[in-house]
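Chemist: Which chain is which? The protein sequence lines are A and B, in order. Residue numbers for the first sequence follow this note's numbering, beginning at 182 and rising by one. Residue numbers for the second sequence follow this note's numbering, beginning at 182 and rising by one. C-beta atoms are modelled at their ideal positions from N, C-alpha and C, and glycine is treated no differently. I have a structure here, written as structure tokens, and I will follow up with some questions on it.
Number of protein chains: 2
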Amino acid sequence: MIRRHPLAEQAAEELLRRIGDGEWTLGAKLPGETTLAAQLSVGRSTIREAIRELAGRRVLESRQGAGVFVIALQAAEDWDTVLRKADISDVLEGRVAIETEAARLAALRRTPADLKNFRYTLADRQRASEKSPDDWYVEADLAFHRAIVTAAHNAVLTELFDTFVPRIRRAMLDMLKLDDQHRHRFDQAAHEAIAEAIRAKDPDEAAARSRDQLAAVRSALT
Amino acid sequence: MIRRHPLAEQAAEELLRRIGDGEWTLGAKLPGETTLAAQLSVGRSTIREAIRELAGRRVLESRQGAGVFVIALQAAEDWDTVLRKADISDVLEGRVAIETEAARLAALRRTPADLKNFRYTLADRQRASEKSPDDWYVEADLAFHRAIVTAAHNAVLTELFDTFVPRIRRAMLDMLKLDDQHRHRFDQAAHEAIAEAIRAKDPDEAAARSRDQLAAVRSALT
DNA sequence: TTGTATCAACTCCTCAGACAAGCTGACAAG
DNA sequence: CTTGTCAGCTTGTCTGAGGAGTTGATACAA
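In structure tokens, the structure reads:
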């Protein structure tokens, strides 16, 4: 029999399955390592490694002398995986939610340093849109968008944006690869408009311009 | 309560630190288990458990016969942890971003089943706001808000909302505990207004009413 | 009855050693 | 150059032995 997964990994999956099946509820104590090892017909160290893996995924917690306890009913699927599996249009709608709100807040909170950051990243984007390879252009574009989000001075929104970036980057590169004329590179004016609204401290306008620009991206990508 | 760190856990932290310091870059192969065990002065099984833990966190990957490799430069910090550490006002602004956009999309996509869901959860919320304990009220409130988000029919927004819920729930319960008169329970009308705007297929109105209601929550919680 | 101290049985933690299984690169044969 | 073999590395698994911490029962004293 060919095993493509090590025993410890299989054991971890089995434990996760049983937790999902409700064999052990939240906070419950698992049987001892020796018992589990006998149940799954593996050695004790193998069970320990399986438990360690689930501990790393914040599903189990072991306390010396007391036992092993369930602290989450399922593995918190990391967002990178979620986004990779999600429909790109759903991801873009998430991005719209984050960026329009960020633009709105940025219009209220932007500092002089933020404005300088806008100027730099906009200039970079201008240059990259004219003659650089696709990946440079995409990076320059994302850098400007990130500048907007950071200007909102909200750690949660910034983290959310960063979480979305890898998926967005892939989608943009795929799109540009199929677009020989680079038709989608010439929306510099739309980006300038967002920055200008934020500079003018006009939250509604900033949000609206951000929404407009992302709508254009969305229509290109779908 | 003091928290003791087992050796395996300390070893995992040490490895993570070294990866963060750039001692091993993305895709690099770590020294053998026996070498690492000698370096950290622990047994090989301890090192193996540390590696397992980081494998569960998708930082390392071990391949039999080949070695252990770095597959991510840092642990993808799970969002529950991020939100727990974040400022509550930052979290609420994230919630505003998600919910206002969801309300907007819901106004465009809501089905008859969604509208029925609104009626049920609104009625529950009404009852709970009058005479139920705090946690019931909070659950009923969150159930209605979740109904709005699901009516947007966007998996990413729904997942984002669910990620935020635990943190929001804690904050609301803390707030209610300090509020003897339950002053914040009587905004049922504001919730009805959101549902009505979505029923009427008015995206801007739905977003605006959602923003208003959440602004009230925010001023109460900060 | 109530509170305290002790202790035995249980748990996980760590180590060492042995062998199996798989990968890689060197090297010889064609 | 291509192919096959193999030695030497790697991780995977099991076992046995103690160490360390927790928990609940039990005996004892106030």
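Starting from residue 243 of chain A, follow the beta strand (DSSP E) in both directions and report where the run begins and ends.
Modeler: Element bounds for residue 243 of chain A: 241–244.
Chemist: So residue 277 of chain A contacts chain B; which residues on that side make the cut at Cβ distance below 8 Å?
Modeler: By Cβ distance, chain B contributes 282.
Chemist: Name the chain B residues whose beta carbon is nearer than 8 Å to that of residue 257 of chain A?
Modeler: Going along chain B in sequence order, the residues near residue 257 of chain A (Cβ under 8 Å) are 259, 260 and 261.
Chemist: Would you check whether the ligand FAD has a heavy atom nearer than 7 Å to the C-beta of residue 306 of chain B?
Modeler: This structure lacks the ligand FAD; in fact it carries no ligand of any kind.
Chemist: Classify residue 258 of chain B: buried if its beta carbon has 16 or more other beta carbons within 10 angstroms, exposed otherwise.
Modeler: Result: exposed.
Chemist: Could you tell me the distance, in whole angstroms, from the CA atom of residue 267 of chain B to the CA atom of residue 390 of chain B?
Modeler: Near 26 Å, if we compare the C-alpha coordinates of residue 390 of chain B and residue 267 of chain B.
Chemist: Is DSSP giving residue 248 of chain A helix, strand or coil here?
Modeler: Three-state DSSP puts residue 248 of chain A in a strand.
Chemist: Apart from the five residues just before and just after residue 220 of chain B, which ones in its own chain have a Cβ nearer than 8 Å to its Cβ?
Modeler: Once the five neighbours on either side are set aside, the close Cβ partners of residue 220 of chain B are 212.
Chemist: Does the region 269–286 of chain A touch the region 345–358 of chain A, meaning 3 or more C-beta pairs lie closer than 8 Å?
Modeler: The region 345–358 of chain A is in contact with the region 269–286 of chain A.
Chemist: Listing by chain order, which chain B residues have their CB less than 8 Å from the CB of residue 225 of chain A?
Modeler: Going along chain B, no residue has its Cβ under 8 Å from residue 225 of chain A, so there is no contact; the nearest lies around 10 Å.
Chemist: Please list the residues of the region 205–237 of chain B that have a C-beta atom closer than 7 Å to any C-beta atom in chain A, keeping them in chain order.
Modeler: Listed in sequence order: 226, 229, 230, 233, 234, 235, 236 and 237.
Chemist: Could you tell me the alpha carbon to alpha carbon distance between residue 318 of chain B and residue 195 of chain B, rounded to whole angstroms?
Modeler: If you take the alpha carbons of residue 318 of chain B and residue 195 of chain B, they lie about 45 Å apart.
Chemist: For chain B, check one thing: does any of its Cβ atoms lie closer than 8 Å to the Cβ of residue 197 of chain A?
Modeler: No, residue 197 of chain A lies away from the interface with chain B (no Cβ there is under 8 Å from its Cβ).
Chemist: Is the CB-CB distance between residue 234 of chain A and residue 193 of chain A below 8 Å?
Modeler: Against a cut-off of 8 Å, the Cβ pair of residue 193 of chain A and residue 234 of chain A comes out as a contact.
Chemist: Listed in chain order, which residues of the region 310–322 of chain A have Cβ atoms closer than 7 Å to some Cβ of chain B?
Modeler: Residues: none.
Chemist: For residue 380 of chain B versus residue 286 of chain B, is the C-beta spacing smaller than 8 Å?
Modeler: Contact: no.
Chemist: Quick check: the Cα distance between residue 326 of chain A and residue 281 of chain B, rounded to an integer number of angstroms?
Modeler: Going by the C-alpha atoms only, they are around 20 Å apart.
Chemist: In or out: residue 184 of chain A buried (at least 16 other Cβ within 10 Å) or exposed?
Modeler: Unreliable positioning characterises residue 184 of chain A in this predicted model, as indicated by a pLDDT of 42, which lies under 50. The coordinate reading is nonetheless provided below. Exposed.
Chemist: Can a CB atom of chain B be found closer than 8 Å to the CB of residue 144 of chain A?
Modeler: It is not possible to answer for residue 144 of chain A, since the shown part of chain A is limited to 182 through 403.
Chemist: Can you pull the chain B residues whose beta carbon is under 9 Å from the beta carbon of residue 249 of chain A, in chain order?
Modeler: Going along chain B, no residue has its Cβ under 9 Å from residue 249 of chain A, so there is no contact; the nearest lies around 13 Å.
Chemist: Count the other CB atoms, across all protein chains shown, that sit within 10 Å of the CB of residue 204 of chain B; report buried if there are 16 or more and exposed otherwise.
Modeler: Residue 204 of chain B comes out exposed.
Chemist: Residue 246 of chain A: which of B/375, B/338, B/187 and B/331 sits nearest, CA to CA?
Modeler: Closest by alpha carbon: B/187.
Chemist: Mind checking who residue 210 of chain A pairs with in its DSSP beta bridge?
Modeler: According to DSSP, residue 210 of chain A bridges with A/250.
Chemist: Would residue 273 of chain A and residue 275 of chain B be called neighbours here (beta carbons separated by less than 8 Å)?
Modeler: Taking 8 Å as the Cβ cut-off, residue 273 of chain A and residue 275 of chain B do not qualify as a contacting pair.
Chemist: Which stretch, first to last residue, makes up the alpha helix (DSSP H) that contains residue 297 of chain B?
Modeler: Start and end: 293–312.
Chemist: Looking only at its own chain, which residues have a Cβ that is under 7 Å from the Cβ of residue 374 of chain A, when we skip the five neighbours before and after it?
Modeler: 390, listed in sequence order.
Chemist: Using the beta-carbon of each residue, which ones in chain B are nearer than 7 Å to residue 340 of chain A?
Modeler: Result: 263.
Chemist: Kindly list, in the order they appear in chain A, the residues whose Cβ is closer than 7 Å to that of residue 398 of chain B.
Modeler: What residue 398 of chain B touches in chain A: nothing, since even the nearest Cβ is about 15 Å away.
Chemist: Are the CB atoms of residue 338 of chain A and residue 278 of chain B within a distance shorter than 8 Å?
Modeler: Result yes, Cβ atoms of residue 278 of chain B and residue 338 of chain A sit closer than 8 Å.
Chemist: Let me see if you follow: with CB-CB separation under 8 Å, is residue 286 of chain B close to chain A or not?
Modeler: Closer than 8 Å: yes.
Chemist: Along the chain, where does the alpha helix (DSSP H) that runs through residue 359 of chain B open and close?
Modeler: From DSSP, residue 359 of chain B is part of no alpha helix (DSSP H); its letter is neither H nor E.
Chemist: List the residues of chain A that residue 245 of chain B touches, going by C-beta distances under 8 Å, in chain order.
Modeler: Correct list: 187.
Chemist: Can you give the Cα-Cα distance for residue 210 of chain A and residue 346 of chain B, rounded to whole angstroms?
Modeler: Residue 210 of chain A and residue 346 of chain B: Cα-Cα distance of roughly 26 Å.
Chemist: Taking the alpha helix (DSSP H) that residue 260 of chain A falls in, what are its first and last residues?
Modeler: Run containing residue 260 of chain A: 260–266, per the alpha helix (DSSP H) assignment.
Chemist: Contact check, residue 252 of chain B vs residue 240 of chain B under 8 Å by CB: the rounded distance?
Modeler: Rounded, the Cβ-Cβ distance is 7 Å, consistent with contact.
Chemist: For the candidate residues B/399, B/201, B/225 and B/328, whose alpha-carbon lies nearest to that of residue 304 of chain B?
Modeler: Checking every option, the nearest Cα to that of residue 304 of chain B belongs to B/328.
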